[in-house]
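With UniProt numbering applied, the sequence shown corresponds to residues 1 to 135, in that order. Glycine included, C-beta positions come from ideal geometry on N, C-alpha and C.
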Amino acid sequence: MQQISVLKGLRKHLGVSGSHYVAVAGGRASLPCGVPIAEANISLILWYKGDSGVPVYTVDARKGALKGARHFPAASLKGRTRFQLAHPRPALDIDPVTEEDADEYKCRVDYRRSRTVTRTLTLAVIGQLLCTLLC
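Here you go:
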């Protein structure tokens, strides 16, 4: 629990808020998509990392309901990620986080009968050495 309060303190000290998230290497990050996710209205949810035009995680509901959608993590994140629809705020979970995961992420939601919505957020990762000193 002390680690969480230290991270909150670091976020405040660094001016990190809103669409900026901080995680400790080896820990877990939960990146909320932050856009309305109406069960019957979603066809695709795509997560992008950095400037890559290739998604690092895809939820494909084009052939059915969102609850039965197929999940496709990129090879670099396979076994460490899952898009959680059951969260109070649907989120991409990364566990364990590595220092290489630090970057800008984009969550794109394609609706069946509405405009596509994209949200950008930033993940900063604190190395384990720094956490050993501060956490």
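Sequence-distant residues of its chain with Cβ nearer than 6 Å to residue i (five each side left out)
i	result
Arg-28	Asp-95
Asn-41	Tyr-111, Arg-112
Which listed residue (the options) has its alpha carbon closest to that of residue i
i	options	result
Ser-19	Thr-120, Ile-126, Val-125	Thr-120
Thr-81	Gly-68, Lys-67, Arg-89, Val-97	Val-97
Lys-78	Ala-69, Leu-92, Asp-51	Leu-92
Arg-89	Cys-33, Glu-100, Tyr-105	Cys-33
Ala-61	Ala-102, Leu-85, Glu-100, Gly-26	Leu-85
Lys-67	Gly-50, Ser-43, Asp-51	Ser-43
Rounded separation between residue i and residue j - CA only
i	j	result
Leu-123	Ile-37	22 Å
Ala-75	Pro-55	11 Å
Leu-46	Thr-58	5 Å
Glu-104	Gly-53	13 Å
Same chain, Cβ closer than 8 Å to residue i, neighbours up to 5 away in sequence not counted
i	result
Val-117	Val-35, Pro-36, Arg-108, Val-109, Tyr-111
Buried or exposed by the 16-neighbour rule on C-beta atoms within 10 Å, applied to residue i
i	result
Phe-72	exposed
Just list the beta strand (DSSP E) runs in the UniProt domain "Ig-like" (26–118), keeping only unbroken ones of 3 residues or longer that don't cross its boundaries, in chain order.
If we require 3 residues or more, the beta strand (DSSP E) runs fully inside the UniProt domain "Ig-like" (26–118) come out as 29–32, 42–49, 57–60, 70–73, 81–84, 91–94, 103–111.
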